[in-house]
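Just below is one structure, and these are the notes that go with it.
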Amino acid sequence: MKKLAIFAAAFAFILLLTKIANQVPPEPPPGTAFSLKAQQVIQCSADEITLLDTHQKSTHLEKDGTWPDCGSFQKEQVLDFYLSRGEKTRFLSAEPTVWWRKAL
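Numbering-wise (the working numbering), the sequence shown opens with residue 702 and increments by one.
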């Protein structure tokens, strides 16, 4: 009888672990950082910005108040953007793209 109880407890424990392991992880919380590499600014306004990568794929973002003035982005300048998700996209930093990433 004791062996049967131990077996049943071990089986229930394995089922519990399986259920926990199969759960889908929750959505990342606001503020999760991400980067967009080798991007050119093709359109910029006070509330929105559109970036273009080296494969001619555009990314449209809604800006918050942390972004620099649109005049600071030069035409034909390729940048790596470090951003954060939230209700609107938060600007963390930008730096010139390394030469080898522009060629990809």
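Heads up, the beta-carbon is just placed ideally off N, CA and C, and yes, glycines get one too.
Report buried or exposed for residue i, applying the criterion of at least 16 other Cβ atoms within 10 angstroms of its Cβ.
{"i": "W801", "result": "exposed"}
{"i": "A747", "result": "exposed"}
Considering residue i, what are the terminal residues of the alpha helix (DSSP H) in which it resides?
{"i": "R786", "result": "Per DSSP, R786 belongs to no alpha helix (DSSP H) and is neither H nor E."}
{"i": "P703", "result": "Position check: residue 703 holds Lys in this sequence, whereas Pro was assumed. Unbroken alpha helix (DSSP H) run through K703: 703-722."}
{"i": "K803", "result": "800-803"}
Please classify residue i: does DSSP put it in a helix, a strand, or coil?
{"i": "A795", "result": "strand"}
{"i": "T767", "result": "coil"}
{"i": "T755", "result": "coil"}
The beta strand (DSSP E) spanning residue i covers which residue range?
{"i": "K738", "result": "734-745"}
According to DSSP, what are the bridge partners of residue i?
{"i": "E777", "result": "Its beta-bridge partners do not exist; DSSP assigns none."}
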